[in-house]
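One structure below.
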Ligand SMILES: Cc1cc2nc3c(=O)[nH]c(=O)nc-3n(C[C@H](O)[C@H](O)[C@H](O)COP(=O)(O)OP(=O)(O)OC[C@H]3O[C@@H](n4cnc5c(N)ncnc54)[C@H](O)[C@@H]3O)c2cc1C
Ligand code: FES
Ligand code: FES
């Protein structure tokens, strides 16, 4: 079986791996790069647990071949915290009990991070709509919406504190 | 017995700890720190939100082989031959194994619970000569990775002789086609129970309503599929198994039984588990097979199940057919309830008659039912085996009584709220013996609570909003309705759980328990209990769960039992630890224990501030003469805990499309002494959404050939964020009386009435639009609403007055 | 659920891509956004020997106005059309339809053309394309041709595209300025494929206060979207009174032949077709009239 060498920038770091073309990005992240925070919940694009940022945009890593990410930047849940400090979205999930088993959480965090970049003050309806492509079987979503609101408030505070 | 007033507050808020609850025989002494009842964020989360959780599929050992399963494509067939030769030649393949290769291992797997009420039909790890459901394991492949393993699975040729399948419950019960020939019948067991005069009492009722209620088959669908990684440590002679399970100790028991190993040579670790909801319990073929192959081959074996397998090969639930009669007086009071039901078992009975039995003992709900007759038959069909899914019979039992009350109210011209008022068990009647009995033989006697108070607070919260919603929606041509339902959560019946508290020389504590969490946050809540009972900072307590090597005995997390069992065990072990440390300090400081004060991690002599030791120092002294400072407690609550609650929901129906929107969803809940309201509310809301799924979206469908029709998330619809309502919670707190801490189970509360209440609300909305309807089956899809609109709501009712 | 093995090509020029398609034909699958193809590979419902990834082809990622059409290149993602200013101006129904397609993350990756070619009978974009009219530009080493939506859809997931052909762009006909439009669908959950969807475009004769032209399309009612020119004919030149719109909508059923399936019965789909037709026509008329008021 022919393999290909690909180069990815994962969470800011250059990584080079040799992969079979059929390998999904999610599997390469998890099994080759040791980044097991990206979860596989359905492998057909519905649950959203595998969502990562590709060049800053949320995509399903179960529906992307790793070779397709060659030369691109990937951000996973492991890349959200900065200098050991939880990002506002991560902190929001902790504060508002936006996770129970935590399996769906990485996908929600990635999607919510993108949402707040695009729309820093979303309504609850907008949050629910943006997260409709992520399934959570534990929380019933309410605390996840609270968590994203928490993060939005935090980000607003941080921005107003900046000169 | 002391009673506490329920309190109404804003969603998510909790009454401050003010009046502490005390159950019967409260055995506590004052400590300065109060953690029980405190809203605390979880210690689990920092790891999980950074992607540092470790789930089974994240475990990887050098040299590991990946297992994939060849599954039956037939619902009912004889296996003529299996040819794995082409698969064996496939790239990266290590081996292909069929029943024949397993020898003595391939015998019936143990049942996941103790149930001697009938002779079970148990699955073998691999089907040997017959398959009984689509998805049943027929062979396994080991390969270098999952891709290669799946390549090989496609190449295994199985020659089937198809047999006629039986899918429908009534048909199966008729025994025209037998699934387990040797049993002579598809009816594998049965049960009946009578309270009061039973069915005979119907003769004295003014009205008898009769219905056939059908509850759809659903799938638990935790976001993490099942998985297992096994490896044999030849040096230690220990088989180590990482398993996504709700019961590490239960799984260990199954492995010991199947593999014939001494218990001390098997270690089961439940790492982070991505949701359980009842389905990650019992003995599954893949667990046994991976462990067996790892043991015999001496190489680690991993099986990470995928979503398709979660649909094809993980226990499902709910499906049952109830033939019910409810007799009432003209004023709405219940005279008698009669329910004969067929419980679908699927092809095997891995978890015994648990669900049917639990359904039966939940039939009275929160009401006085002076006469009751229930019988059930356990019926095999050619479908995925049935095992518990959150609620495990509680939602079904309540569905029956609540649906029937709605029906009776409509027939009597009484409001659905009023009929409930007239039947709720009043506080004066507590303790109230329902006449039903637990499996343990203990009577089901509701101990505490004020049901009418809870129900009225629900009605008060919702009724005023109904008109407002009707006015607003009416302008858009939408119909609005209100549904209400009550429940009693019978939980934590039977078994025990243990906790070990170990003191460390730095003054911190470890707590070990067998009851691992799958998202419930035990590392936080049990630490709250232990920290409070010890009188030490929360941060100094670390809970370690889910490893059979660290605590020898344990049961697991299901049936909302952990806080009652492990919570009290932890409380007792912590109390014992405190006493032990105080005694040691007294000896060291040469005073009596009564002269000591414990404050902020220091033990000092009252009035002599200089004479003091830190907790760590006391532990260090003890360690000079003993290996460990440990206390251990095992707790088993007598009977069960009984948590009351009410749900009410206002829905909006679009009569043109049959679309349903949930507007206001209010839940009243009595959780007894709650350890952490933030987490408790999370459990309740999460469960309610699962119940809404069963009511409106979810159903596993089979075609007449037994082929499952919806095995993807595009076809099997889980509730999504955009459709779910915002929930409001109203809390009551009536401490349980069967355990010193007054804890009650609450993990299943939210799911119990949610099916019934949603159906009721949709009907009410249709009635408001002039369409009388009665939904006798779940789920209520837009299609079902469309059908009701067309038929003018006629149902198969045969009533007599 | 892992893809079967395949040979993978990632051509960097159109000619290279067409050469590969000519070479492998039916053995090959084009990979665009992958939001429909990858699930099928993961579930092993498709076993292509060769996958030709077109994501690195140049110049296919543009939305442009070409004469009377809005042109969308084969690598334009759903999200790009959703937020395209040109689309909002010239074909506002397209961004609205895009908001109904799947979810945030799927729309970042899935392509407009991929959706048209995939030909899911319940997909929104084929319905809108058929309703607006237009053409698909298709290339192969044999040459190029254009296909109109009426000729393109042959049945469930079946199109007129030959195995060696690559769709490079789609053109949507721009309705007249001041037109009214609407897309109405009924899906079980946000982002789900619709059980039934209706798209309507109304051109308004402000001087006479009548409908000048009208188009209605329905999706989810059979193997391919359907345009109901005959059914809506009574509206042309007429004052769109509520009663007339309702009558027209009630008449759509005779032109449809929806199936019974897991998600809905034939009868329910026919019912939804009527309901959504009425809603879409009314909303489109309202929009057309509102524009007139605004313009005045
Ligand atoms: C969870 C989920 C929900 C979804 N919900 C919806 C929804 O509600 N509505 C909806 O419309 N869609 C939905 N989709 C599908 C989505 O819109 C896809 O993006 C779209 O159907 C296909 O586009 P793609 O670019 O991803 O195509 P691919 O998946 O790459 O390809 C699909 C097919 O088209 C062929 N193909 C693609 N591009 C070309 C080309 N240029 N020339 C020739 N052949 C080509 C491929 O060979 C393949 O056969 C959903 C998908 C998912 C995973
Ligand atoms: S695993 Fe990718 S969407 Fe579910
Ligand atoms: S927290 Fe368990 S699935 Fe979301």
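Protein chains in written order, with this note's numbering: chain A, 1 to 163; chain B, 164 to 964; chain C, 965 to 1260.
Glycine included, C-beta positions come from ideal geometry on N, C-alpha and C.
Within the chosen limit of 8 Å, ligand 2 does not reach the beta carbon of residue 1077(C) with any heavy atom.
Between residue 1180(C) and residue 1082(C), the CB-CB gap reaches or exceeds 9 Å.
The C-alpha of residue 634(B) lies about 35 Å from the C-alpha of residue 1046(C).
Closest in alpha carbon position to residue 95(A), among 161(A), 24(A), 56(A) and 153(A), is 153(A). In the same chain as residue 48(A), and ignoring 5 residues on each side of it, the C-beta atoms closer than 6 Å to its own belong to 107, 133 and 134, in chain order. Of the candidates 637(B), 889(B), 655(B) and 903(B), 637(B) places its Cα closest to the Cα of residue 816(B). Proximity of residue 141(A) to chain C, defined by a Cβ-Cβ separation below 9 Å, is not satisfied. In the same chain as residue 837(B), and ignoring 5 residues on each side of it, the C-beta atoms closer than 6 Å to its own belong to 843, in chain order. Residue 1113(C): member of the alpha helix (DSSP H) spanning 1113-1116, first to last residue.
Short note on residue 135(A): C-beta closer than 8 Å to some heavy atom of ligand 3. Put simply, the CB of residue 130(A) is near chain C, with a gap under 9 Å to one of its CB atoms. For residue 850(B), the closest Cβ of chain A is nearer than 9 Å. Separation of the CB atoms of residue 681(B) and residue 725(B) is rounded to 10 Å, and the pair is thereby denied contact status at 8 Å. Remark: C-beta atoms of residue 76(A) and residue 52(A) approach each other more closely than 9 Å. Taking 9 Å as the CB threshold, residue 97(A) stays off the interface with chain C.
For chain C, the residues of the region 38-57 of chain A that bring a beta carbon within less than 7 Å of one of its beta carbons are 43, 44, 45, 48, 51 and 57, in chain order. Bounds of the beta strand (DSSP E) holding residue 230(B) are 228-234. Membership of residue 114(A) in the alpha helix (DSSP H) is indicated by the continuous run 105-118. Among the residues of chain B, those whose CB is under 8 Å from the CB of residue 77(A) are 212, 213 and 214, following chain order. Taking the Cα positions, residue 1250(C) is about 24 Å away from residue 822(B). Neighbours of residue 1150(C) in chain B, taken as residues whose beta carbon is under 7 Å from its own, are 820 and 822 in chain order. Between the C-alpha atoms of residue 1134(C) and residue 393(B) there is a straight-line separation of about 53 Å. Counting C-beta pairs with one atom in each stretch, the region 526-535 of chain B and the region 357-374 of chain B have three or more that are closer than 8 Å, which means they touch. Within chain B, the C-beta atoms nearer than 7 Å to that of residue 1239(C) come from 819 and 820, in chain order.
Collapsing the DSSP output to three states places residue 455(B) in a helix. Ranked by how close their Cα comes to the Cα of residue 1080(C), the residues 1224(C), 1009(C) and 1098(C) have 1098(C) in first place.
DSSP, read as helix, strand or coil, puts residue 774(B) in strand.
For residue 133(A), a Cβ of chain C is located within less than 9 Å of the residue's own Cβ. Note on geometry: alpha-carbon atoms of residue 72(A) and residue 118(A) lie some 21 Å from one another. Residue burial is scored here from C-beta neighbours: residue 434(B) has at least 16 other C-beta atoms within 10 angstroms and is therefore classed as buried. Taking the Cβ atoms as the reference, residue 1185(C) lies roughly 6 Å from residue 1233(C), within the contact range of under 8 Å. Relative to ligand 1, residue 965(C) has its C-beta separated by 8 Å or more from all heavy atoms.
Contact of residue 993(C) with chain B by beta-carbon distance below 9 Å is absent, the smallest such distance being about 18 Å.
Taking C-beta separations shorter than 6 Å and ignoring five residues to either side along the sequence, the partners of residue 465(B) in its chain run 227, 229 and 392, following chain order.
One residue list follows from the rule of a beta carbon closer than 6 Å to any heavy atom of ligand 2, given in chain order as 40(A), 41(A), 42(A), 43(A), 45(A), 46(A), 47(A), 48(A), 49(A), 50(A), 60(A) and 62(A). Look at the region 387-413 of chain B and you find these whole runs of beta strand (DSSP E), each 3 residues long or longer: 390-396 and 401-406.
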